[in-house]
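Numbering (my numbering), first residue to last: 513 to 861.
Note that the Cβ used here is the ideal one computed from N, Cα and C, for glycine as well.
Remember, predicted model here, so these are calculated numbers, not experimental data.
What follows is the structure, encoded as structure tokens:
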């Protein structure tokens, strides 16, 4: 049994998620056992693979060899002159997302995982409590009903039994970067529900595993894809992003608007206790949608994740952090608005 235990929450960030591989390697080297995991977009990909049973070495290799070019699966319309704009107008996104869903579903199947019912939490005090039942949480945005989805907890809002929700399908919802990927259009009893990237509403849900009025049993580490002080990131220009349209075009405008919203969300709400358990993984100027990333940048990004995690552990003091949060735990699961308005210092799992 590992000497240390922790929950992990992975921020969304597209290609920048390569850094998670190095961070997970450093966690393994520090003899940490990962308990519960959650994530948005790229963070949901990593979280799902961790929950399915992929170890640090396996994940490190997988994240360095992500088939980003194949994720750009264009339809016939996209290849026509002006096709990307037509695709956005007709399908609400450029890339189909079909290859990605098949890819993640196959990886999960190799570990025997298809549905959330196969990812029950072995540490739950009460498996009938939906806040404890599953060891994986995935964030998506239901734009039809204008609400955040924490899956599988909110699967009933889609007309699906939570245990029966397909994990690969949920991750596909979470990674649907607006404009870049077509959204998931889910049929809920004849009503169409449009679902996009969870980062539109919560890109860094580090509060997810806070316990109800109890001190934490172990820490929750939030892995943030940012420069050392994420609070300085807001308002910075987005570089190295995939070009979908000419600069100044409507496609370019929509792309940058979506990416700006996702990059800034949640970071303005980092209070002191949350910031103390946040590991900022330097992203070295790599863009969220830099699908043509070069091998040297992949390796540098991966190494930056490992170095940042090691640096974090050099000053991390669990007893001190526990003393800070023990007297101010937040009440259980809540919607994003409640979480962000609660203020104070958060408790961990």
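In the DSSP assignment, residue 617 falls outside any beta strand (DSSP E) and within the unbroken alpha helix (DSSP H) covering 610-622.
Taking the Cα positions, residue 521 is about 20 Å away from residue 659. Residue 585 and residue 611 do touch by the CB rule: their CB atoms are close to 4 Å apart, below 8 Å. For residue 827, the secondary structure class from DSSP, reduced to helix, strand or coil, is helix.
Every alpha helix (DSSP H) of 4 residues or more that sits fully in the region 657-712 is shown, in chain order, as 679-686.
Around the beta-carbon of residue 820, 16 or more other beta-carbon atoms lie within 10 Å, marking it buried. Taking a C-beta distance under 8 Å as the contact criterion, residue 711 and residue 553 qualify as a contact pair. Within the same chain, Cβ atoms closer than 6 Å to the Cβ of residue 564 are found at 620, 623 and 625, the five residues on either side in sequence being excluded. CA-CA distance, residue 829 to residue 598, rounds to 53 Å.
Beyond the five residues adjoining it in sequence on each side, residue 695 comes within less than 7 Å, by CB distance, of 604, 605, 688, 706, 707 and 708 in the same chain, given in chain order. Rounded to the nearest whole angstrom, the C-alpha separation of residue 518 and residue 640 is 22 Å. Residue 524 counts as buried, since no fewer than 16 other beta carbons sit within 10 angstroms of its beta carbon. In this structure, 680 is the residue among 671, 638, 555 and 680 with its C-alpha nearest to the C-alpha of residue 609. Listed in chain order, the non-local C-beta contacts of residue 693 below 6 Å within the same chain comprise 605, 607 and 609, local neighbours out to five positions each way being set aside. Annotation: residue 716 is outside any alpha helix (DSSP H) and is labelled neither H nor E by DSSP. Assigned with DSSP and collapsed to three states, residue 640 falls in coil, not helix or strand.
Runs of the beta strand (DSSP E) spanning 3 or more residues and lying entirely within the region 538-611 occur at 544-552 and 605-607, in chain order. Secondary structure of residue 738 (DSSP, three-state): coil. Distance between residue 683 and residue 674, taken at the CA atoms: about 14 Å. The beta-carbon distance between residue 647 and residue 663, rounded to whole angstroms, is 13 Å. This is too long to meet the 8 Å contact definition.
Within 10 angstroms of the beta-carbon of residue 634 lie fewer than 16 other beta-carbons, which makes it exposed.
Residue 755 and residue 548 have their alpha carbons spaced roughly 36 Å apart. Spatial neighbours of residue 791 in its own chain (CB-CB distance under 8 Å, excluding positions within 5 residues in sequence) are listed in chain order as 535, 733, 734, 735, 736, 820, 821 and 824.
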